[in-house]
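Chains A and B, in that order, give the protein sequences. Residues -14 to 181 (our numbering) make up the first sequence, in order. Residues 35 to 209 (our numbering) make up the second sequence, in order.
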Amino acid sequence: MSPAEQPPPSLSTLARTWLAIGSQSLGGGPSTLYLMRLLLVERLRWISQREFLEDWALSRLSPGVHMVALAGLLGRRTGGTRGTAVAVLMLMLPSGLIAATLAAGYTTIRDQPLIQAALAGAGPVTIGLTIGITYPFAKVAARAGKRGLVDWSVLAVAAAIGLIEGISPIVVILAGALFGAIFLGKERPASTPPPE
Amino acid sequence: MDGLLDMVVAFFRASMLSLGGMSALPLLRQDLVSTGYVTDHQLVEAITIGRLGTGPGGLYMVSLGYFALGWAGALIALCAVTIPPLVILPAATFLRRQLLGAWMAGLVRGLTMATSGLVLTTVALLILPSGSNPGATAWWQLALVALGALIGLEGKRHPVLAIGIGSAVGLLLGR
């Protein structure tokens, strides 16, 4: 049965599915995206691959965390406004609670020498991960060829300005957006998700 | 009360002016570290904890909110992570043509490249020791930064595995 022929799932089924995504997607955005596609497109067939990619492309235009926007859009396809509410709440409440509980638990053991030693290694790896993940994130937005050089120059200039004390990041962000709207709009971004 | 208002302003502003979870980092560092709510060290701790949990990548903000103002801070941060992205729902319905226009593609591209540049600078600054932040100055810590960058670039291995390796090396060499 194709996704268009499927009867709409009940709210409780929707809630269980999004709870599974919110509580099992260990490790950030890529695993959340993977689980969303696996469950909604391949296993349950509520949403077609084309619809998923369309919503993914739209979600990348949203401010903030794109996976939240994607959950809202996919939830709306499967259950209207109530589907959006269920998808977003079931994705964010368990994972938000886990993040806050981990922080609370960590606060109680933060001063233990073993924890300090572990963080002396885990912290640098996390910084490295953030550096590494930034490249594919920017690469999806950048264009190919000579136009891409202009895009990467914006990144380099923003990074350099970030080193100057006294200049607010907001100024750099708004300047980047304005420059982009005027000069960088010749091609649309890639329409497929980056490899997971 | 001032603290709550500061949190609302800091987290919502960072979420509304960012694209993706990590790109809120430069604004959060400016608003929360420079005002003394959290330290650079706690920023690194929050990012690490965020990678150990479930859900989207931006949930380090919830851990950061907890460090800044306890459960109230965590709740404000969770609302700030959750609400602003939903603006795409009415926008996708009523402004679909504009969203798919060239100027919007350019705006998103410029915003993505600018915030990515700022994120790189921010995390590079976190490597340097400052205040309560011990940074990453030993040879093995710099090697771990490089290892994390390679794993992040490759995108195939789980971040929890990388953090596990880092913790093990820290337990061996960091005492």
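Don't be surprised by glycine CBs; every beta carbon is placed ideally from N, CA and C. Note that this is a predicted model, so its numbers are computed, not measured.
Please report the distance separating the alpha-carbon of residue i from that of residue j.
i: residue 63(A); j: residue 41(B); result: 34 Å
i: residue 181(A); j: residue 203(B); result: With a pLDDT of 39 at residue 181(A), under the threshold of 50, the modelled position of that residue is not reliable, and the figure given next carries that caveat. The straight-line gap from Cα to Cα measures roughly 26 Å.
i: residue 39(A); j: residue 33(A); result: 10 Å
i: residue 146(A); j: residue 147(B); result: 13 Å
i: residue 165(A); j: residue 137(A); result: 12 Å
i: residue 49(A); j: residue 45(B); result: 10 Å
i: residue -7(A); j: residue 61(A); result: 11 Å
i: residue 171(B); j: residue 160(B); result: 11 Å
i: residue 7(A); j: residue 128(B); result: 29 Å
i: residue 174(B); j: residue 102(B); result: 30 Å
i: residue 24(A); j: residue 134(A); result: 38 Å
i: residue 31(A); j: residue 69(B); result: 47 Å
i: residue 1(A); j: residue 82(A); result: 17 Å
i: residue -5(A); j: residue 153(B); result: 41 Å
i: residue 118(B); j: residue 151(A); result: 27 Å
i: residue 104(B); j: residue 66(B); result: 14 Å
i: residue 44(A); j: residue 107(A); result: 31 Å
i: residue 91(B); j: residue 84(B); result: 7 Å
i: residue 62(B); j: residue 94(A); result: 25 Å
From the options, pick the residue whose C-alpha is nearest to that of residue i; which is it?
i: residue 166(B); options: 75(B), 184(B) and 115(B); result: 75(B)
i: residue 88(B); options: 119(A), 121(A), 29(A) and 16(A); result: 16(A)
i: residue 137(B); options: -5(A), 169(A) and 6(A); result: 169(A)
i: residue 215(A); options: 63(B), 94(B), 54(B) and 99(B); result: As shown, chain A starts at -14 and ends at 181. That puts residue 215(A) outside it, with no answer to give.
i: residue 115(B); options: 52(B), 191(B) and 208(B); result: 52(B)
i: residue 184(B); options: 104(A), 121(A) and 28(A); result: 121(A)
i: residue 199(B); options: 121(B), 112(B) and 86(B); result: 86(B)
i: residue 110(A); options: 178(B), 189(B), 139(B) and 93(B); result: 178(B)
i: residue 115(A); options: 73(B), 77(B) and 64(B); result: 77(B)
i: residue 107(B); options: 191(B), 36(B), 189(B) and 190(B); result: 36(B)
i: residue -9(A); options: 29(A), 67(A), 94(A) and 149(A); result: 29(A)
i: residue 167(A); options: 207(B), 139(B), 96(B) and 64(B); result: 139(B)
i: residue 111(B); options: 182(B), 191(B), 43(B) and 207(B); result: 43(B)
Along the chain, where does the alpha helix (DSSP H) containing residue i start, and where does it finish?
i: residue 126(B); result: 122 to 128
i: residue 119(B); result: Here residue 119(B) belongs to no alpha helix (DSSP H), and DSSP marks it neither H nor E.
i: residue 74(B); result: 74 to 86
i: residue 35(A); result: 34 to 44
i: residue 78(A); result: 51 to 94
i: residue 42(B); result: 36 to 50
i: residue 167(A); result: 154 to 168
i: residue 60(B); result: 59 to 62
i: residue 155(B); result: 136 to 161
i: residue 110(A); result: 98 to 126
i: residue 208(B); result: From DSSP, residue 208(B) is part of no alpha helix (DSSP H); its letter is neither H nor E.
i: residue 26(A); result: That residue, residue 26(A), is in no alpha helix (DSSP H); it is neither H nor E in DSSP.
i: residue 177(B); result: 173 to 188
Between the beta-carbon of residue i and the beta-carbon of residue j, is there less than 8 Å?
i: residue 150(B); j: residue 49(B); result: no
i: residue 3(A); j: residue 75(A); result: yes
i: residue 99(A); j: residue 205(B); result: yes
i: residue 58(A); j: residue 133(B); result: no
i: residue 47(A); j: residue 56(A); result: no
i: residue 209(B); j: residue 102(A); result: yes
i: residue 193(B); j: residue 154(A); result: no
i: residue 139(A); j: residue 144(B); result: yes
i: residue 180(B); j: residue 113(A); result: yes
i: residue 80(B); j: residue 109(B); result: no
i: residue 38(B); j: residue 117(A); result: no
i: residue 195(B); j: residue 162(A); result: no
i: residue 123(A); j: residue 155(B); result: no
i: residue 9(A); j: residue 20(A); result: yes
Taking DSSP's pairing of strands, which residues face residue i in a bridge?
i: residue 11(A); result: 88(B)
i: residue 93(B); result: Note: residue 93(B) sits in no beta bridge, so no partner.
i: residue 138(A); result: In the DSSP output, where bridge partners are listed per residue, residue 138(A) has none listed.
i: residue 53(B); result: 49(A)
i: residue -5(A); result: Answer by DSSP bridge pairing: none, since residue -5(A) is not bridged.
i: residue 164(B); result: 167(B)
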